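Following: one structure in structure tokens, then a few remarks.
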Ligand code: FPP
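Residue numbers (the working numbering): 407 to 671.
This is the structure we're talking about:
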């Protein structure tokens, strides 16, 4: 399976679909649970790792289209805390793949003004992908376009436990009155706090499963959810644009009534 750095064409279909997006209501933050790499490979009689290799091509495609649509932040669930429990050979292959893919894409990310960031336990990553990731963080640190945020060695509960620890430490040091701990105080201590938009407006899951899998547990409180049966390697630019179009057709009420929402706009 090729991971060559091929330039990606914007097809007529994609251009046509892009015109259907309302530029004033583009979701600022899109988060994706990229699932189905293994099943995609299995269906073709290939090793699971081949599915991950093909999944990297999808990462490239979707990063490009997210940037074109004006999304400010794209968070991709690339490796969960629980994924460390997969067979060691698969973990090693994924870590290697993530490292080389990031290094290979760095020049293009800079060229396209995309800034790479991550959420998760950076120190738990093996030294080699850590070094390559750091190189890309540094190289793209001045990019002002799309933020491509990789969730690596990440889980929502891990992040919430960290935030609780930070709150407790501040309280113990006398910097924070426990009585004043509110949602804002907790949210500001999550790893997503410094993203251009903390809460995803749209959460996409490929591979058909209807679950959240310990992803952005705090931040998805009011995200619109779009689940597709397609496996991640098959997910196309058209699929992404259609998810945005469906998102734009929904009424987001944030616990209020339709009438209240209508009155506000
Ligand atoms: C889920 O599919 C996918 C993953 C656990 C890894 C996703 C990682 C990539 C696509 C590579 C990311 C690379 C970069 C550069 C960000 P699965 O293996 O759980 O599939 P299954 O549900 O069919 O078994």
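By construction, the Cβ of each residue, glycine as well, lies at the ideal position given by its N, Cα and C atoms.
In this text, all values refer to a predicted model and were calculated from it rather than measured experimentally.
- Positions of the beta strand (DSSP E) runs, each at least 3 residues long and wholly inside the region 549-612, are given as 553-560 and 608-611 in order along the chain.
- For residue 647, the enclosing alpha helix (DSSP H) has its first and last residue at 643-654.
- In the three-state reduction of the DSSP assignment, residue 616 falls in the coil class.
- Per DSSP, residue 459 is one residue of the alpha helix (DSSP H) stretching across 454-475.
- Remark: the C-beta of residue 527 is outside contact range of the ligand FPP, defined as less than 6 Å to any heavy atom.
- Rounded to whole angstroms, the Cβ separation of residue 610 and residue 427 is 15 Å, and the two are not in contact under 8 Å.
- DSSP places residue 662 in the coil class of the three-state scheme, outside both helix and strand.
- In the structure shown, residue 440 adopts coil according to DSSP, grouped into three states.
- In this structure, the beta-carbon distance from residue 525 to residue 597 falls below 7 Å.
- Between the region 501-517 and the region 585-599 there are fewer than three inter-stretch CB-CB distances shorter than 8 Å, so the stretches are not counted as touching.
- Segment contact: the region 662-670 against the region 616-635, fewer than three CB-CB distances shorter than 8 Å; contact not assigned.
- Remark: the C-beta of residue 524 is outside contact range of the ligand FPP, defined as less than 6 Å to any heavy atom.
- Using a 10 angstroms sphere on the CB of residue 435, the tally of other CB atoms reaches 16 or more, which defines it as buried.
- Scanning its chain for C-beta atoms nearer than 7 Å, with the 5 sequence neighbours on each side dropped, one finds around residue 429 the residues 476, in chain order.
- Set against 6 Å, the gap from the CB of residue 484 to the closest heavy atom of the ligand FPP is smaller.
- Pairing residue 552 with residue 600 gives a Cβ-Cβ distance that is not under 7 Å.
- Rounded to the nearest whole angstrom, the C-alpha separation of residue 531 and residue 542 is 15 Å.
- Residue 629 is bridged by DSSP to nothing; it lacks a bridge partner.
- By the C-beta criterion, the region 617-628 is judged not to be in contact with the region 442-455, since fewer than 3 inter-stretch pairs fall below 8 Å.
- Distance from the C-beta of residue 556 to the nearest heavy atom of the ligand FPP is below 6 Å.
- Listed in chain order, the beta strand (DSSP E) runs fully inside the region 476-522 are 479-486, counting runs of at least 3 residues.
- By the C-beta criterion, the region 509-522 is judged not to be in contact with the region 484-494, since fewer than 3 inter-stretch pairs fall below 8 Å.
- Distances from the CA of residue 606 to each of 593, 621, 626 and 612 were compared; the closest alpha carbon is that of 626.
- Under the DSSP assignment, residue 637 falls outside any alpha helix (DSSP H); it carries neither an H nor an E label.
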